[in-house]
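All remarks here apply to the structure that follows.
Number of protein chains: 2
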Amino acid sequence: MNPDNLVQTTGEWLRATGPESDVVVSTRIRLARNHAAYPFTNRASPHQKAEIEAIVREKVAQVDSDRPLHFINISKLGQLDRQFLVERQLISRELANAEGPRAVVVDDREAVSIMVNEEDHLRLQVMRSGLALDEAWQDIDSVDDRIEQVFDYAFSDEFGYLTACPTNVGTGMRASVMLHLPALVLTKQIEKVFRALQKINLVVRGLYGEGSRASGDFYQISNQVTLGKSESAALTEIREVNRQIIEYERQARTLIIKETRQAIQDRVARALGTLQSATMMTSEETMELLSSVRLGVNVGLVTGLPITLVNELFLHTQPAHLQKLMGTQLDGEERNAARARYLRTRLKEAGPNPN
Amino acid sequence: MNPDNLVQTTGEWLRATGPESDVVVSTRIRLARNHAAYPFTNRASPHQKAEIEAIVREKVAQVDSDRPLHFINISKLGQLDRQFLVERQLISRELANAEGPRAVVVDDREAVSIMVNEEDHLRLQVMRSGLALDEAWQDIDSVDDRIEQVFDYAFSDEFGYLTACPTNVGTGMRASVMLHLPALVLTKQIEKVFRALQKINLVVRGLYGEGSRASGDFYQISNQVTLGKSESAALTEIREVNRQIIEYERQARTLIIKETRQAIQDRVARALGTLQSATMMTSEETMELLSSVRLGVNVGLVTGLPITLVNELFLHTQPAHLQKLMGTQLDGEERNAARARYLRTRLKEAGPNPN
Chain A
54 MNPDNLVQTT GEWLRATGPE SDVVVSTRIR LARNHAAYPF TNRASPHQKA EIEAIVREKV
114 AQVDSDRPLH FINISKLGQL DRQFLVERQL ISRELANAEG PRAVVVDDRE AVSIMVNEED
174 HLRLQVMRSG LALDEAWQDI DSVDDRIEQV FDYAFSDEFG YLTACPTNVG TGMRASVMLH
234 LPALVLTKQI EKVFRALQKI NLVVRGLYGE GSRASGDFYQ ISNQVTLGKS ESAALTEIRE
294 VNRQIIEYER QARTLIIKET RQAIQDRVAR ALGTLQSATM MTSEETMELL SSVRLGVNVG
354 LVTGLPITLV NELFLHTQPA HLQKLMGTQL DGEERNAARA RYLRTRLKEA GPNPN
Chain B
54 MNPDNLVQTT GEWLRATGPE SDVVVSTRIR LARNHAAYPF TNRASPHQKA EIEAIVREKV
114 AQVDSDRPLH FINISKLGQL DRQFLVERQL ISRELANAEG PRAVVVDDRE AVSIMVNEED
174 HLRLQVMRSG LALDEAWQDI DSVDDRIEQV FDYAFSDEFG YLTACPTNVG TGMRASVMLH
234 LPALVLTKQI EKVFRALQKI NLVVRGLYGE GSRASGDFYQ ISNQVTLGKS ESAALTEIRE
294 VNRQIIEYER QARTLIIKET RQAIQDRVAR ALGTLQSATM MTSEETMELL SSVRLGVNVG
354 LVTGLPITLV NELFLHTQPA HLQKLMGTQL DGEERNAARA RYLRTRLKEA GPNPN
């Protein structure tokens with residue numbers, strides 16, 4: 054499979070079709086798995102990593118799945134294609150920048166992806182639109198079962214799944230929910246929410262993984278603990294917490310509409326006006342403005358603009374996506390001009406109206 | 054005459070029909086004059102001020118003029134109407150806020166205005182569109198001659214015209230040119246220009262007189278010296294200096310278009326986009342954005358928007374104008390909403406296009 058096939062689309066998880074999609078963008082669960090007969094990736098020789106890759110290509114990518122799986126050899130991709138897969142959340146930045154044999158297996162809805170020779174031999178991932186922890190869990194559990202039949206998992210009866218980093222030992226599971234929390238940011242309640250999450254060992258990160266800033270008011274909330282707690286207990290905990298945060302965000306949206314309607318209306322109208330008129334636009338500013346527009350759509354201050362399109366614009370204006378869409382490599386200034394042009398064109402087609 | 058008659062229009066001087074009107078908004082000359090038989094305004098009793106006012110109403114306002122003159126009794130106007138006349142530059146803020154008998158005489162093109170009982174008994178003013186010092190001088194000299202026949206000027210053979218403040222003694226003349234200098238501001242050359250002007254005793258101020266900030270990149274340049282220098286010498290000096298500044302501004306415009314075209318285009322397009330979409334807008338921000346748009350029109354980055362309309366929007370979005378246009382008193386927040394709505398409507402009618 055060639056990444057070019059994905060350029061015009063978004064993954065299923067970005068379609069805003071799932072539950073609570075006014076606040077929740079997507080749910081993601083990943084499992085860390087390793088082969089019992091090989092040293093962990095950071096200790097494995099290039100030859101051993103190539104063997105792992107071969108097992109994945111010949112066996113894992115061939116397991117009976119709901120939809121066909123495609124094997125992508127990362128080391129054969131150029132820098133732009135690797136960054137493109139990072140932006141789509143199909144691979145990590147670490148895997149993109151690593152050396153030696155490494156790969157990713159994806160299905161054509163981009164619901165399932167399996168990173169090969171990242172920190173662990175396998176990183177299974179399932180993504181779903183909206184808050185869908187149960188469905189994501191059923192999906193990944195089933196994928197995991199089928200892979201287990203062709204890939205000899207490193208497993209200890211005492212500890213559970215063995216992983217390169219001790220923080221993943223046990224279930225090897227990390228469940229993440231990506232939320233759009235513009236009203237909690239605007240009302241300055243977001244820090245309070247985060248402090249509460251830290252106390253119960255949940256991790257909050259920006260859109261693109263560890264250490265990244267929360268561009269566009271997107272936040273990922275994930276479990277931290279993988280040892281001594283079952284998958285279902287961890288999922289229950291993260292589900293409850295997310296239900297609470299969704300409720301807080303909705304209350305904050307109601308509050309700002311009630312108490313500062315004019316200011317919010319102005320903010321949303323200006324964001325839309327700027328996106329429709331600027332001729333130079335950075336990725337960072339795009340995220341900020343689209344965040345205001347997304348809030349506007351969700352609180353009824355903008356009509357004629359589907360959330361699916363807003364989500365797609367977040368993705369398509371990322372640097373690698375933009376260059377793939379334009380069909381050429383662009384430097385920073387050229388990207389800013391191309392991004393502004395792309396946004397103007399797409400928004401003109403949609404013809405949104407501030408209310 | 055009722056100020057309401059002026060609401061839908063702009064004075065002739067704002068029509069951008071005069072010479073060099075890409076850079077020069079208007080030319081203004083004023084003469085300070087006093088009656089020989091009365092103490093200066095700050096020493097005059099209310100009764101004496103009323104007598105001055107009566108002479109003006111009965112004689113000065115009746116002199117044979119090109120166009121009919123109208124007498125407006127300031128002390129009978131409400132606060133909003135007084136502020137309205139300040140915004141139109143027909144009276145000073147000082148006269149608006151003063152107490153006691155005071156008035157202004159204007160013609161219906163707003164080319165001539167005569168303030169009564171300001172710092173001096175009479176402040177004659179002539180305004181012209183563009184750089185038109187000679188024409189303005191001919192106008193005011195002729196008005197001055199006709200008034201002199203009905204109003205006994207305080208004049209000393211040794212010093213010239215006697216005025217309340219020694220800085221005006223002599224010719225009593227101040228000539229001001231209002232320039233729009235956005236490119237000199239953008240290229241940070243404006244400070245250098247001002248330092249040069251100070252050395253030759255010229256005064257630089259913002260749009261609304263002494264001490265006011267240079268909102269919208271508008272600057273007034275005036276002569277300081279009224280003693281020991283003839284009117285024609287002062288006018289020659291200020292004409293030469295303005296020709297230079299106009300040249301600098303045009304060079305700066307050429308430079309930014311050549312070297313930072315994309316950035317300027319983006320700035321202009323965003324300004325226009327924000328003016329067309331915001332739902333709340335302060336007067337200060339309006340001036341800034343309209344300044345970018347005015348620059349855009351003058352360098353060919355915006356089409357379909359006459360400078361006359363841009364000039365009119367500068368004036369009509371001032372607080373008192375806005376309230377007169379809406380026909381009601383508005384508080385700050387209401388004004389910001391009304392201003393944004395007015396701008397959206399007027400710009401929609403015009404349908405400008407960023408190039």
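Residue numbers (the working numbering), protein chains in the order written: chain A, 54 to 408; chain B, 54 to 408. Beta carbons are placed, not taken as given, at the ideal position from N, Cα and C, and that holds for glycine.
- Message: Considering only their Cβ atoms, is the gap separating Leu-177 of chain B from Leu-84 of chain B smaller than 8 Å?
- Response: Here residue 84 of chain B corresponds to residue number 31 of the second sequence, with the count starting at 1. Here residue 177 of chain B corresponds to residue number 124 of the second sequence, with the count starting at 1. Contact flag set, yes.
- Which of helix, strand or coil does DSSP assign to Phe-208 of chain A? Within the first sequence, residue 208 of chain A is the residue found at index 155, counting from 1. The answer is strand: DSSP assigns Phe-208 of chain A an E or B state.
- Cα separation between Glu-365 of chain B and Leu-325 of chain B? To locate residue 365 of chain B, count along the second sequence from 1; it is residue 312. To locate residue 325 of chain B, count along the second sequence from 1; it is residue 272. Roughly 16 Å separates the two Cα atoms.
- Message: Within 10 Å of its beta-carbon, does His-100 of chain A have 16 or more other beta-carbons around it, so buried, or fewer, so exposed?
- Response: What you label residue 100 of chain A is simply residue 47 of the first sequence in a count that begins at 1. So His-100 of chain A counts as exposed.
- Are the C-beta atoms of Ala-331 of chain B and some chain A residue less than 8 Å apart? Looking up residue 331 of chain B in the second sequence gives position 278. Taking Cβ atoms only, chain A reaches closer than 8 Å to Ala-331 of chain B, which makes this a yes.
- What residues are listed by DSSP as bridge partners for Gly-223 of chain A? Position 170 of the first sequence, counted from the start, is the residue given in the question as residue 223 of chain A. Paired residues: A:Tyr-214.
- Message: Excluding the 5 residues flanking Thr-327 of chain B on each side, which residues of the same chain have their C-beta closer than 7 Å to its C-beta?
- Response: Within the second sequence, numbered from 1, the residue matching residue 327 of chain B stands at position 274. Closer than 7 Å at the Cβ level, and outside the excluded window around Thr-327 of chain B, lie Leu-342.
- Item | Touching by the beta-carbon criterion (3+ pairs, under 8 Å), the region 351-358 of chain B and the region 391-407 of chain B | yes
- Message: Suppose you measure from the CA of Asn-126 of chain A to the CA of Pro-219 of chain A; what does that come to, to the nearest Å?
- Response: The count along the first sequence starts at 1 and reaches residue 126 of chain A at position 73. The count along the first sequence starts at 1 and reaches residue 219 of chain A at position 166. Between Asn-126 of chain A and Pro-219 of chain A, the C-alpha separation is close to 28 Å.
- Per-residue contacts from Arg-323 of chain B into chain A (C-beta, under 7 Å): For the purposes of this step, residue 323 of chain B is identified with residue 270 of the second sequence, where counting begins at 1. The contacting residues are Thr-327, Ser-330, Ala-331.
- Message: Do Leu-354 of chain B and Gln-318 of chain B count as a contact pair if the criterion is CB distance below 8 Å?
- Response: Residue 318 of chain B sits at position 265 when you count from the first residue of the second sequence. Residue 354 of chain B sits at position 301 when you count from the first residue of the second sequence. Yes. Within cutoff.
- Can you tell me whether Gln-61 of chain A is buried or exposed, with buried defined as 16 or more other CB within 10 angstroms of its CB? Looking up residue 61 of chain A in the first sequence gives position 8. Gln-61 of chain A comes out exposed.
- Message: Just to confirm the assignment, what range does the alpha helix (DSSP H) spanning Tyr-91 of chain B have?
- Response: Position 38 of the second sequence, counting from 1, holds the residue named residue 91 of chain B. That residue, Tyr-91 of chain B, is in no alpha helix (DSSP H); it is neither H nor E in DSSP.
- Item | CB contact check: Ser-182 of chain A to chain B, cutoff 8 Å | Within the first sequence, the letter at position 129 stands for residue 182 of chain A. No - not a single Cβ of chain B is within 8 Å of the one on Ser-182 of chain A.
- Task: May I ask you to list the residues that DSSP assigns as paired with Tyr-272 of chain B?
- Result: Start at 1 with the first residue of the second sequence, and residue 272 of chain B comes out as number 219. DSSP output for Tyr-272 of chain B lists B:Leu-232 as bridge partner(s).
- Message: I'd like the ranges of any alpha helix (DSSP H) spanning at least 4 consecutive residues and lying wholly in the region 142-189 of chain A.
- Response: 146-150
- Could you pull the start and end residues of the alpha helix (DSSP H) that Ala-393 of chain B belongs to? Within the second sequence, the letter at position 340 stands for residue 393 of chain B. It spans 385-403 - the alpha helix (DSSP H) in which Ala-393 of chain B sits, taken as one unbroken run.
- Message: Let me confirm a value: Glu-338 of chain B is counted as buried when at least 16 other C-beta atoms fall within 10 Å, else exposed. Which label applies?
- Response: Here residue 338 of chain B corresponds to residue number 285 of the second sequence, with the count starting at 1. Glu-338 of chain B comes out buried.
- Proximal residues to Gln-382 of chain A (C-beta, below 8 Å), its chain only, five neighbours per side dropped: In the first sequence, residue 382 of chain A corresponds to position 329, counting from 1. For Gln-382 of chain A, where only same-chain residues beyond five positions count, the Cβ hits under 8 Å are Leu-133, Gln-376.
- Message: 8 Å is my cut-off, CB to CB: does Pro-235 of chain B come that close to chain A?
- Response: Taking the first residue of the second sequence as 1, we reach residue 235 of chain B at position 182. No - not a single Cβ of chain A is within 8 Å of the one on Pro-235 of chain B.
- Determine, using beta carbons only, whether Arg-392 of chain B and Gly-225 of chain B come nearer to each other than 8 Å. The count along the second sequence starts at 1 and reaches residue 392 of chain B at position 339. The count along the second sequence starts at 1 and reaches residue 225 of chain B at position 172. Taking 8 Å as the Cβ cut-off, Arg-392 of chain B and Gly-225 of chain B do not qualify as a contacting pair.
- Message: Phe-247 of chain A and Val-257 of chain A - do their beta-carbons sit closer together than 8 Å?
- Response: Locating residue 257 of chain A in the first sequence gives position 204, counting from the first residue. Locating residue 247 of chain A in the first sequence gives position 194, counting from the first residue. Cβ atoms of Val-257 of chain A and Phe-247 of chain A: closer than 8 Å.
- Message: Quick test of your reading: Val-222 of chain B and Ile-274 of chain B, contact by CB under 8 Å. State the CB separation rounded to the nearest angstrom.
- Response: Within the second sequence, the letter at position 169 stands for residue 222 of chain B. Within the second sequence, the letter at position 221 stands for residue 274 of chain B. Not really, about 22 Å apart at Cβ, beyond 8 Å.
- Partners in chain A for Gln-115 of chain B, counting only beta-carbon separations shorter than 8 Å: Taking the first residue of the second sequence as 1, we reach residue 115 of chain B at position 62. By Cβ distance, chain A contributes nothing, its closest Cβ being about 51 Å from Gln-115 of chain B, past 8 Å.
- Report the option in A:Gly-259, A:Ile-309, A:Leu-250 whose CA atom is closest to the CA atom of Glu-290 of chain A. Here residue 290 of chain A refers to the residue found at position 237 when the first sequence is read from its first residue. Of the candidates A:Gly-259, A:Ile-309, A:Leu-250, the one whose C-alpha sits nearest the C-alpha of Glu-290 of chain A is A:Leu-250.
- Following the continuous beta strand (DSSP E) through Leu-255 of chain B, name the residue where it begins and the one where it ends. The residue labelled residue 255 of chain B in the question sits at position 202 within the second sequence. Per DSSP, Leu-255 of chain B belongs to the beta strand (DSSP E) from 255-258.
- Query: Are the CB atoms of Leu-234 of chain B and Ile-243 of chain B nearer to each other than 8 Å?
  - Reply: Translated into the one-based positions of the second sequence, residue 234 of chain B becomes position 181. Translated into the one-based positions of the second sequence, residue 243 of chain B becomes position 190. It is a contact, given that the beta carbons lie within the stated cut-off.
- Task: Would you mind working out which of B:Ser-145, B:Glu-171, B:Glu-147, B:Gln-277 sits nearest Lys-252 of chain B, comparing C-alpha positions?
- Result: As a working mapping, residue 252 of chain B is identified with position 199 in the second sequence. Ranking B:Ser-145, B:Glu-171, B:Glu-147, B:Gln-277 by Cα distance to Lys-252 of chain B puts B:Gln-277 first.
- Query: Taking only beta-carbon atoms, is Ala-390 of chain B less than 8 Å away from chain A?
  - Reply: Translated into positions along the second sequence, residue 390 of chain B becomes position 337. Output row for Ala-390 of chain B: interface = yes.
- Message: Since Gly-269 of chain B and Ser-182 of chain B should fall inside the 8 Å C-beta cutoff, what is the C-beta to C-beta distance between them, to a whole number of angstroms?
- Response: Counting from 1 along the second sequence, the entry for residue 269 of chain B is found at position 216. Counting from 1 along the second sequence, the entry for residue 182 of chain B is found at position 129. 17 Å between Cβ atoms; not a contact.
- Task: Whole angstroms is fine: what's the gap from Asp-187 of chain A's alpha carbon to Val-346 of chain B's?
- Result: Taking the first sequence and counting its residues from 1, the one referred to as residue 187 of chain A is at position 134. Taking the second sequence and counting its residues from 1, the one referred to as residue 346 of chain B is at position 293. Cα to Cα, the separation comes out at about 54 Å.
- Based on the DSSP output, what are the partners of Phe-367 of chain B in its beta bridges? Position 314 of the second sequence holds residue 367 of chain B. DSSP lists no partner for Phe-367 of chain B.
- Flag this pair as touching only if the region 102-119 of chain A and the region 186-204 of chain A have three or more C-beta atom pairs under 8 Å; answer yes or no. yes
- Message: Quick check on Leu-342 of chain B: does DSSP put it in helix, strand or coil?
- Response: In the second sequence, the residue the question calls residue 342 of chain B occupies position 289. Helix, per DSSP.
- Query: In this structure, does DSSP put Ala-331 of chain B in helix, strand or coil?
  - Reply: For the purposes of this step, residue 331 of chain B is taken as the residue at position 278 of the second sequence. In this structure, Ala-331 of chain B counts as coil in the three-state DSSP scheme.
- Message: Using beta carbons (cut-off 8 Å, strictly below), is Pro-405 of chain A in contact with chain B?
- Response: On the first sequence, residue 405 of chain A is found 352 positions in, with the first residue counted as 1. No, Pro-405 of chain A does not count as interfacial toward chain B.
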